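Chemist: Handing you a structure now.
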Amino acid sequence: MNELQCVLAINNYGKIFTLSAFDDQWKPFPHIGMDLKHISAIENYMWSIGGDNQTYLLVHNLDGAIRIKEEVYENERWMPVGSFSKRLLPTDRYCWSSENGKEEKLKENIKLPSFVWQWEHEWKLETTFEENDLDNSGWTYAVDFCAKFYPTKRWNSCVRRRKWYRNRIYTGMNSWCIISPLHKDFTQEPFICVSIGGHKIPGAQLGVIMVWAVTAQGRIFYRKNVNKMWPEGCLWVCVPTKEGSESRYIDCGPSGSVWVVLWSGIILVRKEVSAETPQGKKWIIVGSPEADSKITQLSVGFHSVWAITNDSRVWYRKGIDQNLSEGTCWVKLNTFMFSVSVTPNDQVFSVGLDRHLYFRTDISKNYPTGKKWIHIQASIEIEQPKEKETKQEGIESWISSSFTEPSHSAPTRLVGNDSKNNLNLNAKEINPSQRRVSAWSPKLSIGSLIGMEAKPDSFMELQNNSSIKKPKTFWSSVVGGSIEPDVCFISQWFNSPNDRETIFKSKWRREILDKLIVLRLKEKEFQQITSFAL
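For reference, each letter of the sequence shown is one residue, going 1 to 534 in UniProt numbering.
Printed below as a string of structure tokens:
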């Protein structure tokens, strides 16, 4: 288990705390000036709904920068008069094209997708081909464009091409970046729920991510072209549902399974989701567990779905697998919780009615619902308040700089006649690049909290001005999407002696310890035999 994996939780003030798998203390998530209503996360990537009802993305704790290489091929054909020329045959590819020649690509038409990206350099020629050095012109030669290319010119070389490249780098690392809304006036139809998942969808390319969201008007949207190298994607695509079906909550599991809760309590499950069709093809209806109850919240794992009804009852969906994503029936647990969160390996965290956090023990293939809830009693690291005058000066300085520094991007509220510029809601695809100004920014914008640094290094700075306490913290939600917990690693979270005894005296643990003892005895015996032989 990766030491960077952690559980995320939001308290009743909208502040995020993290609990590492190898730690026993909740630590404040290092973000500045922004409270959150809702978060959804996988390892290193987090989408959220802010207190201002806007959608944000955070990419954090990556080992290296996100860098994308843009490539353009320049093509020429040999002519009997004048040698090689840009005058191509009607059946040839474009003069400036992609590698396969099917797409026309002009250097001047390749733009940065948003302000969060920056060019590292100007266009350069590729001077190597299949580990061979090319001359300064960078041309490679072939009989025809569909034939094999060679680094040197031959007697039958009728065409040639060379590759231009330019790198762009993602500059929003460790910063909250705002996602462009559906309309210039984001209050017209803000998102109320967002979910990230699909990073373990079978057969998908490495790095693929799925992001789904629900708006205040109950519509469902899918974020197109999201992956680990392009974390913000390119545009929102409306996924229609049956007329009158207003959504309130959505969750996407690691396998790409998408479950939606309607205001009526009915569940919609997206069918035929695959690597080829990440948006799926149709919705099917899953009824409520009981006639007099409605599901209000749910969480999707790899092979499990847990849900909460309006009477706070916990339910488990039985029979879920790759062939039957909707499962077979609901199983009622004799427990009551406020919300649940399922991890990618189907372990479960929850927020109790007392607003404390719990973990479900002994979940396995034989016992998919586990046995009991254990209270997570990890201590909380709280930053010590500074001197009143110093704090006041800092706030005033921050506010002053926020409103005096020139804007490097679009403000959160755009000036102009919104009624004339609103996008058509009936359109299937809403492309943010069609607007004159992008709402993206990794930097400080006037009147907004965009791009505040969320550096992991700031944890060390917090420790100098922090204390470990057990205050009466009330939690509003917990997110387990960025951790795959192993009970033997997280036992320090449970301070109760009885709970620890349950974990350490488990049958599987005793079997492992017995095998280790036998192995150790064999090692000693082997060492004794070796010493006698010498």
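A virtual CB, placed ideally from N, CA and C, is assigned to each residue, including glycine. It should be emphasised that the depicted structure is a prediction, and the values quoted were computed from it without experimental measurement.
Taking the C-alpha atoms as reference points, what is the distance between F115 and M337?
Modeler: Taking the straight line joining both Cα atoms gives about 42 Å.
Chemist: For I512, which of helix, strand or coil comes out of DSSP?
Modeler: Reduced to three states, the DSSP call for I512 is helix.
Chemist: From the DSSP output, which residues share a beta bridge with N167?
Modeler: Looking at the DSSP assignment, N167 forms a beta bridge with K69.
Chemist: If I measure Cβ to Cβ from E189 and keep anything under 7 Å in the same chain, skipping five residues before and after, which residues do I get?
Modeler: Correct list, in chain order: L182, H183, T215, A216, Q217.
Chemist: Check T361 in the structure and name its three-state DSSP category.
Modeler: Residue state, collapsed to three classes: coil.
Chemist: Taking the DSSP output, what are the residues bridged to G50?
Modeler: DSSP output for G50 lists L36 as bridge partner(s).
Chemist: Any contact between the segment 47-65 and the segment 165-178? By contact I mean 3 or more CB pairs, one from each, below 8 Å.
Modeler: Touching, per the Cβ criterion.
Chemist: Is it the case that the Cβ atoms of N11 and F349 are separated by a distance below 9 Å?
Modeler: Cβ atoms of N11 and F349: not closer than 9 Å.
Chemist: In the DSSP assignment, find the unbroken beta strand (DSSP E) run with Y56 in it and report its ends.
Modeler: Run containing Y56: 55-59, per the beta strand (DSSP E) assignment.
Chemist: In its own chain, which residues sit with a C-beta less than 8 Å from the C-beta of W315, not counting the 5 before and 5 after it?
Modeler: So the list reads P289, I295, W306, A307, I308, T309, W330, V331, K332, L333, once near-sequence residues are dropped.
Chemist: Three-state secondary structure (DSSP) at N334?
Modeler: Correct three-state label for N334: strand.
Chemist: Is the segment 126-136 close to the segment 148-162, with three or more CB pairs under 8 Å?
Modeler: In short, these stretches touch, since the Cβ pair count reaches three.
Chemist: Would you kindly report the start and end of the unbroken beta strand (DSSP E) that includes W176?
Modeler: 176-178 is the extent of the beta strand (DSSP E) around W176.
Chemist: According to DSSP, is V314 helix, strand or coil?
Modeler: Three-state result, V314: strand.
Chemist: Closer than 7 Å by C-beta to G352: which residues in its own chain qualify, once you throw out the five before and the five after it? Chain order, please.
Modeler: Around G352: M337, F338, Y358.
Chemist: Please list, in chain order, all residues of the same chain as L89 whose beta carbon is under 8 Å from its beta carbon, the five residues on each side excluded.
Modeler: Around L89: R77.
Chemist: Report the CB separation of W119 from R166 in whole angstroms; it is logged as a contact under 8 Å.
Modeler: Correct: roughly 6 Å between the Cβ atoms.
Chemist: Can you name the residues that DSSP bridges to W139?
Modeler: According to DSSP, W139 bridges with nothing at all.
Chemist: Residues bridged to L106 by DSSP?
Modeler: Its beta-bridge partners do not exist; DSSP assigns none.
Chemist: Considering Cα atoms alone, identify which of G197, T171, G233, C252 is closest to residue 546.
Modeler: Because residue 546 is not part of the residues shown, which for the chain are 1 to 534, the question remains open.
Chemist: Leaving out five residues before and five after R67 in sequence, what residues of the same chain have Cβ atoms less than 7 Å from its Cβ?
Modeler: Answer for R67: N167, I169, listed in chain order.
Chemist: Could you tell me the distance, in whole angstroms, from the CA atom of A275 to the CA atom of F302?
Modeler: When rounded, the distance between both Cα atoms is 16 Å.
Chemist: Applying the criterion that 16 or more other CB atoms from any shown protein chain within 10 Å of the CB defines a buried residue, is R223 buried or exposed?
Modeler: That one is buried.
Chemist: Whole angstroms is fine: what's the gap from D24's alpha carbon to V261's?
Modeler: About 34 Å.
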